[in-house]
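Encoded as structure tokens, the structure appears first; notes follow it.
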Amino acid sequence: MSRQSVAKAHQKIQELSWEPQYHTPVSHYGTDYTFRKAQKKDPLKQVLRSYFPMQEEKDHRVYGAQDGAIRGNMFRQVQERWLEWQKLFLSIIPLPEISAARAMPLLFRTVPNPELHNGQAIQMIDEVRHSTIQQNLKRLYMNNYIDPAGFNSSLRNFQNDYCGTIGRQFAEGFITGDAITAASIYLTIVAETAFTNTLFVAMPAEAAANGDYLLPTVFHSVQSDESRHISNGYATLLMALSDESNHQLLERDLRYAWWNNHRVVDAAIGTFIEYGTKDRRKDRESYAEMWRRWIYDDYYRSYLVPLEKYGLVIPHDLIEEAWNQIWNKGYVHEVAQFFATGWLANYWRIDPMTDADFEWFEYKYPGWYERYGKWWENYNRLSKPNGHHPIVAENVDYVYPHRCWTCMVPCLVREDMVLDQVDGQWRTYCHEECRWTDAVAFRPTYQGRETPNMGQLIGKREWETLYHGWNWADVVSDMGYVRDDGKTMVAQPHLDLDDQKKLWTLDHLRRMPEVQSPNVLLNQMTDAERAAFVADYNKQGPAGRPAPATS
Amino acid sequence: MSGAGKGELNKGQPVTNKHKVRFEPVGIEIDVDEDQTILRAAAEQGIMLMHGCKEGQCASCKSFVLEGEDIEHDRYSTFALPDYEKEEGYTLLCRAHAYEDVTIELLNYDEDMIRSGLPIQQAVAEVVSKDPVTHDMRHLVLRLIEPGEVKFFPGQYMDISVPGGAGSGGAGSGAGAVRSFSMANTSSRDGLLEFVIKVYAGGLFSRFLDSELRAGDRLELTGPFGVFTLRDSDAELVFVGGGAGMAPILSLLRSMAERGIHRKATFFYGARTRRDLCFEQELAAIAEKLPNFRYVPALSHHDPSHGDWDGEAGLITDVVKRLTGSLAGAHAYVCGPPPMVEAAIPLLETLGVPDKRVYYDKFTTTGEPSD
Numbered sequence: 028m029s030r031q032s033v034a035k036a037h038q039k040i041q042e043l044s045w046e047p048q049y050h051t052p053v054s055h056y057g058t059d060y061t062f063r064k065a066q067k068k069d070p071l072k073q074v075l076r077s078y079f080p081m082q083e084e085k086d087h088r089v090y091g092a093q094d095g096a097i098r099g100n101m102f103r104q105v106q107e108r109w110l111e112w113q114k115l116f117l118s119i120i121p122l123p124e125i126s127a128a129r130a131m132p133l134l135f136r137t138v139p140n141p142e143l144h145n146g147q148a149i150q151m152i153d154e155v156r157h158s159t160i161q162q163n164l165k166r167l168y169m170n171n172y173i174d175p176a177g178f179n180s181s182l183r184n185f186q187n188d189y190c191g192t193i194g195r196q197f198a199e200g201f202i203t204g205d206a207i208t209a210a211s212i213y214l215t216i217v218a219e220t221a222f223t224n225t226l227f228v229a230m231p232a233e234a235a236a237n238g239d240y241l242l243p244t245v246f247h248s249v250q251s252d253e254s255r256h257i258s259n260g261y262a263t264l265l266m267a268l269s270d271e272s273n274h275q276l277l278e279r280d281l282r283y284a285w286w287n288n289h290r291v292v293d294a295a296i297g298t299f300i301e302y303g304t305k306d307r308r309k310d311r312e313s314y315a316e317m318w319r320r321w322i323y324d325d326y327y328r329s330y331l332v333p334l335e336k337y338g339l340v341i342p343h344d345l346i347e348e349a350w351n352q353i354w355n356k357g358y359v360h361e362v363a364q365f366f367a368t369g370w371l372a373n374y375w376r377i378d379p380m381t382d383a384d385f386e387w388f389e390y391k392y393p394g395w396y397e398r399y400g401k402w403w404e405n406y407n408r409l410s411k412p413n414g415h416h417p418i419v420a421e422n423v424d425y426v427y428p429h430r431c432w433t434c435m436v437p438c439l440v441r442e443d444m445v446l447d448q449v450d451g452q453w454r455t456y457c458h459e460e461c462r463w464t465d466a467v468a469f470r471p472t473y474q475g476r477e478t479p480n481m482g483q484l485i486g487k488r489e490w491e492t493l494y495h496g497w498n499w500a501d502v503v504s505d506m507g508y509v510r511d512d513g514k515t516m517v518a519q520p521h522l523d524l525d526d527q528k529k530l531w532t533l534d535h536l537r538r539m540p541e542v543q544s545p546n547v548l549l550n551q552m553t554d555a556e557r558a559a560f561v562a563d564y565n566k567q568g569p570a571g572r573p574a575p576a577t578s
Numbered sequence: 309m310s311g312a313g314k315g316e317l318n319k320g321q322p323v324t325n326k327h328k329v330r331f332e333p334v335g336i337e338i339d340v341d342e343d344q345t346i347l348r349a350a351a352e353q354g355i356m357l358m359h360g361c362k363e364g365q366c367a368s369c370k371s372f373v374l375e376g377e378d379i380e381h382d383r384y385s386t387f388a389l390p391d392y393e394k395e396e397g398y399t400l401l402c403r404a405h406a407y408e409d410v411t412i413e414l415l416n417y418d419e420d421m422i423r424s425g426l427p428i429q430q431a432v433a434e435v436v437s438k439d440p441v442t443h444d445m446r447h448l449v450l451r452l453i454e455p456g457e458v459k460f461f462p463g464q465y466m467d468i469s470v471p472g473g474a475g476s477g478g479a480g481s482g483a484g485a486v487r488s489f490s491m492a493n494t495s496s497r498d499g500l501l502e503f504v505i506k507v508y509a510g511g512l513f514s515r516f517l518d519s520e521l522r523a524g525d526r527l528e529l530t531g532p533f534g535v536f537t538l539r540d541s542d543a544e545l546v547f548v549g550g551g552a553g554m555a556p557i558l559s560l561l562r563s564m565a566e567r568g569i570h571r572k573a574t575f576f577y578g579a580r581t582r583r584d585l586c587f588e589q590e591l592a593a594i595a596e597k598l599p600n601f602r603y604v605p606a607l608s609h610h611d612p613s614h615g616d617w618d619g620e621a622g623l624i625t626d627v628v629k630r631l632t633g634s635l636a637g638a639h640a641y642v643c644g645p646p647p648m649v650e651a652a653i654p655l656l657e658t659l660g661v662p663d664k665r666v667y668y669d670k671f672t673t674t675g676e677p678s679d
């Protein structure tokens, strides 16, 4: 009894109840889940007396590493290919962190478990800390890296960018819809428990391999808080499971959250890791290999499957399908190709692939060259201005894709694209599961049951529609991706800054045809035209190739 | 104790370099090879420990070493385990190798889930015997055929498929009805599964058990399931059982006797008459082995024609109320017919058992409503 045990200290703390006695909380964000039969527990025995010293120590060490990086001139030695992609990644990632902080109060109100409020409060503090040290990392890159353009404006950039909208959609997932769907299932059960390993463990390893040891320091500091968050999710899930009326909603939400996380995280992190690295050692794990180990073998088989006997309906089919997309349908490669197609609408530079890259891709993903090799050779050929347009406006056997209304990644695996008319608008979806998410899951009724808290996926979702009918030069000016001289673009399809003649300017863009929103055009079609469009689209690919001509 | 005779443990066999790792406060003990991380060894033995990256970076598996020093770690992030925490006794189980017997306090676990890692298996077993232990209860013993062993925790149950009307065996697991029965024994290598089954007039499995099932017949099983398992701590234990609720409680008691767990424990067992009592001798033997254990049978409808009775009388819940004082901080395990369970839970809470420490299995029948 006298042992100084952490578990016992934790038990004592539970006696200090968080339930407010002095007022009735107002609920802005409700849930359709019920917690009538749930036991109220908190699996993680963590107390603030050890939490704050630990965080202080971790912050000190991040500052120390930052000093070291400046003294060691790390910023001039890091691979530019890698650091350019960090302009995108570090513009996005603080937003999910802050969204996660905002998600915690949704749970205070909706999960009747005073024990867990301790953990949710800690998570909220964690997320603010993460966002702060990530933004500080970005500031250091901006001040010290050879090309600060893109780091300086990234808070404004990501939210309406060609690629950044995908990240915005992900961050908004933590606070969109039913409070439990968003803050618990989407954020803690799927994003944090399954996908942070690729985000915060694999990414830093790749950064280090490219000469950046500061990013790993910051992200290890972040990742070592994940235990608290995983535990919050697990406790809430077990509570939800004990009320059978929740099982239907859990099944729905796990399907949505799993699929959406796969679509977004695998797209972004897969691209950073596979196309942002110069490390082409054959024994380096590919994204697919990491995914198999962390997400399939561990998350799926050792975390999710044991919950099946407690009534959790696991989307086995979607887990297999996500793997099918990554391994057989080239999901990550299709995304990287799309990101590079629209390089001019971005705020970082994308390095062409070299023979060493080709060799590695062919080794890790047999058949890669046959699908994607030609296109990347074209990308290389068209990377310096020489009387031609940027690649998006040249004929390189690539059909510009439609956006998926739900996940905001385009419909890149062409055969999977489906169409639906929702809320009076024709929408394209990258996969049947994304159609289901918008047309079935995010609705005020689900399988005959009232789900008023679910909300809907609305707003200005598609980047292309924002700029339908605009000239490209005006688009880039409007987004602010122009360098100090007022005409040279921030984005470039190569890394060579030495010769002004090799850099693209607004003048090059002015000659291009205007931006067309595929969704606007889709809604102008007649029924017959739309049917023909779908038939053609589904025959396109891989690598965005036009449908074979029918004889 | 642990240090003495360490070298003799192998008894002349090749050195295997295994050590005991005990997890507190759940009281689970496993053998861990030096080559394996503690997390990995636990997973292989069905113990679900909380973890994340398995790379020593996310700190989900961070735990506290209560006893033992000799732990080596594979490469890990010092953000997940700073040196000062390591010196205080923290460890990362996903990177930790034990080089002596150690006791680890888990900081991140759910008591109900920690044992859920035992794989659920489809099994075929053969009937060894089905002896009556009372006028309406049968002691069904099965021997596993394929696989030869199914690991389970004491207190867990299996689903047994009731073969469909036509013939036996071939009904398939999907087609026929399924009934859940708790094991009365503890998991062992011999592949035996013991059940105590009450025969209800018109009960689906009962009728099949009494009239059709023969020694040598084969049954299909799925399992193990359930969280009616012992949460080890120093707390007093109260078991309240009735009817076939004997089975999982007997399993827990047998396990305590095997492991020498000397916690204060009382087993209140309710029966109608003298002829409804069973396993009396074995329970007496357990009481001899575990001096802090007491078995209290009680009869609700004593009939002198079945013999003398100088034990407790009345409904079992009334007996618990009469004989126990405060049960503050105790852990209670309740298993029996639904009315008994429903009466026992509020009573135990009134006596001071914390609501999250009342563990129960309630069984339903397909025959007549139980008494």
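These protein sequence lines are chains A and B, in that order. The numbering used here numbers the first residue of the first sequence as 28 and each following residue consecutively. The numbering used here numbers the first residue of the second sequence as 309 and each following residue consecutively. A virtual CB, placed ideally from N, CA and C, is assigned to each residue, including glycine.
Residues sharing a beta bridge with residue i, DSSP
i	result
residue 446 (chain B)	B:440, B:505
residue 466 (chain B)	B:489
residue 612 (chain B)	For residue 612 (chain B), which the question treats as bridged, DSSP gives no partner whatsoever.
residue 575 (chain B)	B:547, B:603
residue 530 (chain B)	B:430, B:467
residue 445 (chain A)	A:456
residue 430 (chain A)	A:437
residue 538 (chain A)	According to DSSP, residue 538 (chain A) bridges with nothing at all.
Nearest residue (CA-CA) to residue i, options the options
i	options	result
residue 313 (chain A)	A:240, A:377, A:389	A:389
residue 392 (chain B)	A:77, A:104, A:117	A:77
residue 38 (chain A)	B:662, B:668, B:469, B:666	B:662
residue 516 (chain A)	A:170, A:177, A:367, A:551	A:177
residue 528 (chain A)	A:411, A:118, A:471	A:411
residue 544 (chain A)	A:111, A:152, A:189	A:189
residue 153 (chain A)	A:511, A:163, A:253	A:253
residue 295 (chain A)	A:223, A:276, A:257	A:223
residue 443 (chain B)	B:628, B:539, B:551	B:551
residue 426 (chain B)	B:438, B:453, B:460	B:460
residue 453 (chain B)	B:526, B:535, B:624, B:534	B:526
residue 89 (chain A)	A:81, A:196, A:277, A:160	A:160
residue 515 (chain B)	B:614, B:364, B:471, B:401	B:471
Cβ-Cβ separation, residue j to residue i (assumed contact under 8 Å), whole Å
i	j	result
residue 508 (chain A)	residue 374 (chain A)	5 Å
residue 428 (chain A)	residue 521 (chain A)	That belief does not hold up - the Cβ atoms of residue 428 (chain A) and residue 521 (chain A) are roughly 24 Å apart, past 8 Å.
residue 481 (chain A)	residue 205 (chain A)	5 Å
residue 273 (chain A)	residue 61 (chain A)	6 Å
Classification of residue i by the beta-carbon crowding that lies within 10 angstroms, buried from 16 upward
i	result
residue 556 (chain A)	exposed
residue 524 (chain B)	exposed
residue 509 (chain B)	exposed
residue 126 (chain A)	buried
residue 492 (chain B)	buried
residue 519 (chain A)	buried
residue 368 (chain A)	buried
residue 393 (chain A)	exposed
residue 487 (chain A)	exposed
residue 362 (chain B)	buried
- Message: Count Cβ pairs between the segment 262 to 274 of chain A and the segment 430 to 440 of chain A that sit closer than 8 Å; are there 3 or more?
- Response: no
- Message: Within 8 Å, do at least three Cβ pairs link the segment 362 to 376 of chain B to the segment 419 to 430 of chain B?
- Response: no
- Query: Does the segment 531 to 546 of chain A come within contact of the segment 480 to 499 of chain A, defined as at least 3 CB pairs closer than 8 Å?
  - Reply: yes
- Task: Please determine if the segment 545 to 562 of chain B and the segment 637 to 646 of chain B are in contact, where contact requires at least 3 C-beta pairs separated by less than 8 Å.
- Result: yes
- For the 8 Å Cβ check, are there 3 or more pairs between the segment 130 to 137 of chain A and the segment 241 to 248 of chain A? no
- Query: Taking contact to mean at least 3 C-beta pairs separated by less than 8 Å, is the segment 222 to 242 of chain A in contact with the segment 207 to 214 of chain A?
  - Reply: no
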